[in-house]
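The structure under discussion appears below in the form of structure tokens.
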Amino acid sequence: MKAMKRRSEILKLIDQHGKITVENLIQRYDLSEETLRRDLRILDESGYVKRVYGGAVKLEKTTRYLPYEDRLSIQYKEKESIAKESVKLLEDGDSVFIDGRTTCLVFANHIPAHLNLTIVTNSIFVAQNLVAKNGNLKIHLVGGALNKDGLLTGLKLIQDLQGYRFDKAFFSCIGVDSKVTYFGKIDAQQTAMTLSEISSALFLLADSSKIDRSAFLSGLKIEDLDTIITDEHAPLHFINQIRRTPCKIIQANTDSNDTTENVIVLNRHE
19 MKAMKRRSEI LKLIDQHGKI TVENLIQRYD LSEETLRRDL RILDESGYVK RVYGGAVKLE
79 KTTRYLPYED RLSIQYKEKE SIAKESVKLL EDGDSVFIDG RTTCLVFANH IPAHLNLTIV
139 TNSIFVAQNL VAKNGNLKIH LVGGALNKDG LLTGLKLIQD LQGYRFDKAF FSCIGVDSKV
199 TYFGKIDAQQ TAMTLSEISS ALFLLADSSK IDRSAFLSGL KIEDLDTIIT DEHAPLHFIN
259 QIRRTPCKII QANTDSNDTT ENVIVLNRHE
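For the sequence shown, the numbering used here begins at 19 and goes up steadily by one.
Shown next as structure tokens:
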């Protein structure tokens, strides 16, 4: 098993159980204590867990960013299920914005090539994967400063976006509760705020691991959203709270028997 996939599994175990011990990990993976302690150290340094004596515990209050490739593999089945439900919301003729967070990249990869859509994105990875479909999709890439996640950000992005009007905008965040969305970086927060001003409908794609998590920056309120698409593991209390707001909520079923694999291109030129 590759280290990236193993760390993603370890993160899911800690998220489910609240903690993990090195001894548990040795029994599970049959690897050296040194290797598994290194895994926990990397997750700790990325801000997703806190190392304690003999293992690691879940961080409840805030989240920070793992490397993009690592985030893409975390909760991947849930992201796939969310993507498949989100595609059902698209209609021929739509003008659509798709952000470059990992859940939205998986969503973009599921968009059928035959649809007549005008798609705008600030992600070179989303654009790459959509152009590769060679279908009816018309793809536009908005400008800005390029970061290590393949995202175009900053004032230039906001200025470019203000020249558009979208039927539908799809975005993600790093945390959401029954009142508000949360972001770890001001660029992501400002992009979401701008989308609320220029889009007829806002769709938040958020897997269950993001629910009831906060971060440094609060963003759009739940009543600003048209629909939240999450997975079947979303907490019942969250589902019920959202249903008492004007925002719709869709729970996608994760098909554990679905073995199909969609190739996602992360073509970095170094």
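Note that the Cβ used here is the ideal one computed from N, Cα and C, for glycine as well.
{"Item": "Proximal residues to V198 (C-beta, below 6 Å), its chain only, five neighbours per side dropped", "Value": "S236, K239"}
{"Item": "Limits of the beta strand (DSSP E) - the one that V67 falls within", "Value": "67-70"}
{"Item": "Status (buried if at least 16 other CB within 10 Å, exposed otherwise) for L223", "Value": "buried"}
{"Item": "First through last residue of the beta strand (DSSP E) which encompasses S232", "Value": "Run containing S232: none; DSSP gives neither H nor E here."}
{"Item": "Beta bridge counterpart(s) of H158 as assigned by DSSP", "Value": "V138"}
{"Item": "Exposed unless 16 or more other CB atoms sit within 10 angstroms - verdict on G181", "Value": "exposed"}
{"Item": "Whole alpha helix (DSSP H) elements within the segment 160-203, 4-residue minimum", "Value": "173-179"}
{"Item": "Sub-8 Å separation of I142 and V149 beta-carbons", "Value": "no"}
{"Item": "I267 - containing beta strand (DSSP E), residue span", "Value": "266-270"}
{"Item": "Under the three-state DSSP convention, the category I100 falls into", "Value": "helix"}
{"Item": "For D273, the nearest candidate out of Q93, D117, S99 (CA to CA)", "Value": "S99"}
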